[in-house]
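**Q** In this note's numbering, the protein residues as written are 4 to 348.
Glycine included, every Cβ here is placed at the ideal spot set by N, Cα and C.
All figures in this text were calculated on a predicted structure; none of them were measured in a lab.
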């Protein structure tokens, strides 16, 4: 608001929808936990109430969360870049960093087109710089998320599904679908079942996946059979980074000359507001209670090296799919849960 960035923000709140009785039970516990914490913004919905919000034959109930909303992340990022440049920040795009290394009492950043030396470096580019500082980046894996964007909905199509509140929506599965409306009434449709490519591969060749796009279209038609003819002409993917505890982590490297904040696990749009404040205090050596948070003091369990990394991701993915299909969590998932280890986006 201070920078007056036009990013199509709408204060819609959000909606979580239950596809099974087990999801409903979990959502009841979520609302009860919120109330114990003094939050009155979580409201449990029965089938009739959730169908009044958005019509789908799959939805048995849900939770409406007031506060927050939806926006266009690209417009927000562009606006933040413009605001930073107005304050004298220089932005170098398309400048892949090859290494970060000590340079006397300072730090050298080597890029393909040149290098810079600085007293303090902040590493905050997540999956795109997974090759830097292995002692730091081995605590996350790069995953690829894929999404679709539809044609604009016609008035009859909007009427068929309701969705007058325009909330961002997720369902209750581990590998959930997430979706929202754009400012011009298109549906953005994605899933948290992200793809891992062996050896931490992050490459433009991974940016598109016909198999993932087909699965997304199929899941959309299950949710909204009334819109079975809706076309999705736009589709793309990109890398995020996931940690074993599903939250980011912060710290210092190279004797304190590098500060890092990594591993937002697909939730960086909101969490980076906190992450930016943490990194600012770290980079400027300013004391703050934020630096006492577990996100800073404790690091997530590291992922194993290849080939164990690929094998473990595949095994956990298959186990989580079985849970989403109605099976009880098996030995592998129970063991990982006891260690506080998860996998998703």
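1) Could you check what DSSP says for residue 145 in three-state terms: helix, strand or coil?
2) Measuring CB atoms only, is the region 147-154 touching the region 271-280, in the sense that at least three cross pairs come out at less than 8 Å?
3) Using beta-carbon positions only, say whether residue 120 and residue 109 come within less than 7 Å of one another.
4) Run through the region 51-128 for me and flag every whole beta strand (DSSP E) of 3 or more residues, listed as ranges in chain order.
5) What's the gap between the Cα of residue 277 and the Cα of residue 291?
6) So, is residue 56 buried or exposed, given that buried needs 16 or more other C-beta atoms within 10 angstroms?
7) In three-state terms, what does DSSP make of residue 270?
8) Compare the beta carbon distance of residue 71 and residue 27 with 7 Å and say whether it is the shorter of the two.
9) With DSSP collapsed to three states, give me the class of residue 238.
10) How many angstroms separate the CA atom of residue 282 from the CA atom of residue 295?
11) Could you say which of 299, 122 and 326 lies nearest to residue 139 if we only look at CA atoms?
12) Indicate whether residue 105 and residue 257 have their beta-carbon atoms separated by less than 7 Å.
13) Note the first and the last residue of the continuous alpha helix (DSSP H) segment covering residue 216.
14) Return the CA-CA distance between residue 196 and residue 208, expressed in angstroms with no decimal places.
15) Taking the beta carbon of residue 137 as the centre, do at least 16 other beta carbons fall within 10 Å, making it buried, or is it exposed?
16) Where residue 45 and residue 161 are concerned, what is the direct C-alpha to C-alpha distance, given to the nearest angstrom?
17) Considering only the beta carbon of each residue, do residue 177 and residue 323 sit closer than 7 Å?
18) Could you check what DSSP says for residue 278 in three-state terms: helix, strand or coil?
**A** To lay it out plainly:
1) strand
2) no
3) yes
4) 64-68, 100-106, 109-114, 117-121 and 124-126
5) 12 Å
6) buried
7) coil
8) no
9) strand
10) 13 Å
11) 299
12) yes
13) 213-226
14) 19 Å
15) exposed
16) 26 Å
17) yes
18) helix
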